[in-house]
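Peer 1: The sequence shown maps to residues 5 to 554 in the numbering used here.
Using N, Cα and C, we set each Cβ at its ideal position, and we do this for glycine too.
This structure is a prediction, so every number in the text was calculated from the model and none was measured.
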Amino acid sequence: MPLWLFLLAGGAAAIAQTAAPDDRTLALPKFEVNEDAAADRFDETGMGSVEEDLRSFPFANDLTAVDFETEEGLSGDVNAELSAISSPSPAAAVAGEGRLNLRGFPTPVLRNSFIQMGVLETLNVSRTIVIQGPLVPVLGRAAPGGIQDFLTTRPATKDRNRFEASASTANRQRLTWESTGALRAKKLWQRWAVDWSRRVGPEQFVRESDLAVSGALTLKHSRAASSLVSVDYRRYDGTPTPGIPEYKTAAGRPVMGPYLPLARFNAGGPDAGVFRQSLVLGAQFESQLNRAVALRAAVEGWRREIDQQRFTTSQLLLSTGIFEGTREPRHIAQRQRAFATHLELTGRFHTGSVEHKLLGYAGVTWGGYDRHDRALPAAARNALPESVRHFDPAAPDYYFPPFDRLVYSRILTDRQETARYTSLEVSDRLAFARGRTVVTAGLRLDEVELAVEDLRTGATMPFTRDRTAQLSWHTGANHQLVPNRVLLFGIVSTAFDPSTPVDARTGRIQDNETTIGYEGGVKGRTRAGGLDYSASAFLLYNRNIARRNP
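The structure is reproduced here in structure tokens:
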């Protein structure tokens with residue numbers, strides 16, 4: 005048979021075997037692809053790496069998830085009240101003189117997941133994450149008692165204008181305005197906000213006014229890089245109470261605790277107040293350098309001014325009914341400033357079937373602190389009425405001489421401090437069996453260099469310089485006993501609070517407050533998903549700290 009005839013016959017057979025097309029229409033269900041710019045699970049601006057880290061598979065799972073959708077509402081006011089009563093002295097808390105958590109150790113602080121040293125406050129806080137328990141292996145950071153990570157409010161992708169006004173029968177008033185959204189679609193976003201609040205009481209003479217102003221711009225350079233610049237200002241003016249007076253049964257006896265019959269008594273009076281204003285300028289950059297390496301960097305400038313009018317405090321003697329010792333007025337002026345730099349790299353890689361997330365951080369902060377503490381000279385103090393110097397709460401005399409440098413000429417403190425804080429950190433997270441077990445370990449080195457100049461006439465040590473450094477570490481693990489149902493966790497960590505007070509006798513920085521902590525527990529969810537439960541226990545040992553070990 006000729007070749008061409010063979011090919012023609014084969015082609016005809018193939019055509020004959022081809023099935024006739026089916027003319028019926030196949031209807032597919034509706035399928036949409038869109039981008040929800042308002043969703044908390046995705047930040048179109050490119051500045052959401054902190055939130056993404058919290059849900060990064062396989063290190064995170066359903067049992068370690070953090071709820072970002074909780075409405076603040078009245079809880080913001082409740083949190084403010086709780087912070088006011090968590091310190092024995094609300095006036096000291098307002099003046100920024102302490103940051104102890106309920107476990108008795110100064111809590112390490114992060115701002116947008118950058119280590120915060122030398123900068124004593126964070127403005128424009130949107131959310132606070134406490135890194136403890138199951139979150140430690142997820143984020144690769146730990147400290148006894150937990151680490152507080154303050155996340156600031158960023159521009160939102162969806163346009164929003166909001167104004168709120170509230171007043172309560174408890175003498176609280178508040179006004180809030182916010183405007184946020186896109187200035188240029190998918191490229192540039194802005195946010196401006198003003199928050200003013202006022203409260204009166206319930207303690208005698210307590211009046212407080214608080215104003216906060218914030219502004220920010222986010223620029224998206226590319227799909228993998230974004231920048232944020234921000235400015236935040238806060239102004240506080242008030243007469244907070246120095247707290248519930250403590251009491252003794254008689255002179256020379258131990259302090260018994262707060263005297264509750266004077267719970268709403270304000271020993272400071274109407275003229276003892278605090279004025280504080282703070283300003284923060286910041287810039288932050290985030291970039292995904294390649295599939296394996298992410299970079300975050302930030303710079304921050306901070307300044308705070310505090311002026312206080314307060315009386316010296318002592319304990320109430322029940323035997324006499326008056327406060328112990330001589331009470332006198334003081335004027336305290338504090339000026340603090342700092343400039344902080346941060347650099348963080350995160351790399352992801354595999355060794356066999358184990359997935360790693362390696363974190364490296366370096367930060368340096370330069371700070372300055374001026375403190376001027378003035379009082380009346382001895383003759384002027386002794387000339388005050390007896391009722392002022394020996395304070396009787398049953399017949400209080402709140403006379404407070406107006407401040408004048410010539411009147412308050414006795415200088416108790418006139419000191420200037422300059423400091424440099426350096427922090428280096430490295431940690432690794434390892435996920436086994438696609439996150440069934442997650443292990444973390446890390447090291448952190450903190451160093452403080454401090455120079456103190458005493459400007460008082462006749463100071464015994466007019467200038468001193470010292471340095472302190474210490475290494476801390478952590479290790480921990482999460483194990484899903486039942487995937488997404490039962491999680492076991494255990495953490496061991498150390499931490500220290502770099503000390504800056506100088507011993508007047510030796511000129512050396514006092515010993516650092518250090519601690520080691522153990523924590524373990526279980527977290528779970530019922531099979532139906534309607535109930536979450538958790539149980540944990542911790543044990544801390546503190547050193548060089550003026551509190552008992554919990």
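At the level of alpha carbons, what is the spacing between Ala69 and Asn488?
Peer 2: 11 Å
Peer 1: Along the beta strand (DSSP E) that carries Arg529, what are the first and last residues, could you check?
Peer 2: 517-529
Peer 1: What does the Cβ neighbour count give for Thr132, buried or exposed, with the cut at 16 atoms within 10 Å?
Peer 2: Under this definition Thr132 is an exposed residue.
Peer 1: Taking the alpha-carbon of Arg59 as reference, which of Gly50, Glu48, Asp71 has the nearest alpha-carbon?
Peer 2: Asp71
Peer 1: By DSSP, does Pro141 sit in helix, in strand, or in coil?
Peer 2: helix
Peer 1: Can you find the residues in the same chain that come closer than 6 Å, C-beta to C-beta, to Arg471, ignoring five residues on each side of it along the sequence?
Peer 2: Cβ neighbours of Arg471 beyond the five flanking positions: Glu453.
Peer 1: How would you call Thr530, buried or exposed, if buried means at least 16 neighbouring beta carbons within 10 angstroms?
Peer 2: exposed
Peer 1: Bridge partners of Gln319, per DSSP?
Peer 2: For Gln319, which the question treats as bridged, DSSP gives no partner whatsoever.
Peer 1: Looking at Glu182 and Ala171, is the spacing between their C-beta atoms short of 7 Å?
Peer 2: no
Peer 1: Which residues bound the alpha helix (DSSP H) around Ala384?
Peer 2: Segment 382-386, the alpha helix (DSSP H) holding Ala384.
Peer 1: Determine the closest residue to Arg188 out of Ser201, Thr161, Val210, Arg339, with distance taken between C-alpha atoms.
Peer 2: The candidate whose alpha carbon is nearest that of Arg188 is Thr161.
Peer 1: Do the segment 140-157 and the segment 430-439 make contact, defined as three or more Cβ pairs closer than 8 Å?
Peer 2: yes
Peer 1: Which one of Arg419, Phe493, Glu328 has the shortest CA to CA distance from Arg257?
Peer 2: Glu328
Peer 1: Can you tell which of Val284, Gly50, Phe118, Phe63 has its C-alpha closest to the C-alpha of Ser427?
Peer 2: Phe118
Peer 1: For Val411, name the three-state secondary structure that DSSP assigns.
Peer 2: coil
Peer 1: Return the Cβ separation of Gly185 and Ser234 in integer angstroms, given the expectation that the two are a contact with Cβ distance under 8 Å.
Peer 2: Not really, about 16 Å apart at Cβ, beyond 8 Å.
Peer 1: In whole angstroms, what is the alpha-carbon distance linking Leu543 and Asp501?
Peer 2: Spanning the two alpha carbons is a distance of roughly 18 Å.
Peer 1: Are the segment 205-220 and the segment 236-246 in contact at 8 Å, needing three or more beta carbon pairs?
Peer 2: yes
Peer 1: For the segment 271-317, which segments carrying the beta strand (DSSP E) assignment without a break, of at least 3 residues, lie completely within its bounds, in sequence order?
Peer 2: If we require 3 residues or more, the beta strand (DSSP E) runs fully inside the segment 271-317 come out as 278-292, 297-315.
Peer 1: Run through the DSSP bridge pairs and tell me what Ser201 is partnered with.
Peer 2: The beta-bridge partner set that DSSP reports for Ser201 consists of Arg178, Asp214.
Peer 1: Would you say Gly122 faces chain B, with C-beta separation under 7 Å as the test?
Peer 2: No chain B is present in this structure, which holds just one protein chain.
Peer 1: Ends of the beta strand (DSSP E) at Arg125?
Peer 2: Per the sequence shown, the amino acid found at residue 125 is Glu instead of Arg. That residue, Glu125, is in no beta strand (DSSP E); it is neither H nor E in DSSP.
Peer 1: Please classify Asn546: does DSSP put it in a helix, a strand, or coil?
Peer 2: strand
Peer 1: Compute the distance between the beta-carbons of Lys527 and Leu124, then report whether it is under 7 Å.
Peer 2: no
Peer 1: Since Arg314 and Gln281 should fall inside the 8 Å C-beta cutoff, what is the C-beta to C-beta distance between them, to a whole number of angstroms?
Peer 2: The Cβ separation is near 18 Å, so there is no contact.
Peer 1: Considering Cα atoms alone, identify which of Val297, Gly356, Tyr425 is closest to Thr345.
Peer 2: Tyr425
Peer 1: The alpha helix (DSSP H) spanning Leu67 covers which residue range?
Peer 2: Counting along the chain, no alpha helix (DSSP H) covers Leu67, and no H or E run does either.
Peer 1: Keeping to the same chain, check which residues put their C-beta closer than 6 Å to that of Arg440; ignore five residues upstream and five downstream.
Peer 2: Within the same chain, Arg440 has close Cβ partners Gln484.
Peer 1: Quick one: Cα of Leu362 to Cα of Arg352, how far?
Peer 2: 6 Å
Peer 1: Would you be able to state if there are at least three C-beta pairs under 8 Å between the segment 444-463 and the segment 414-425?
Peer 2: yes
Peer 1: Can you tell me whether Lys252 is buried or exposed, with buried defined as 16 or more other CB within 10 angstroms of its CB?
Peer 2: buried
Peer 1: By Cβ distance below 6 Å, which residues in the same chain neighbour Thr126 in space, the five residues on each side in sequence not counted?
Peer 2: Arg115, Phe154
Peer 1: Is DSSP giving Glu421 helix, strand or coil here?
Peer 2: strand
Peer 1: Are the CB atoms of Arg378 and Tyr402 nearer to each other than 7 Å?
Peer 2: no
Peer 1: For Val140 and Ser540, I'd like the C-alpha separation in whole angstroms.
Peer 2: 14 Å
Peer 1: In terms of alpha-carbon separation, which member of Glu332, Leu349, Gly524, Arg339 lies closest to Ala366?
Peer 2: Leu349
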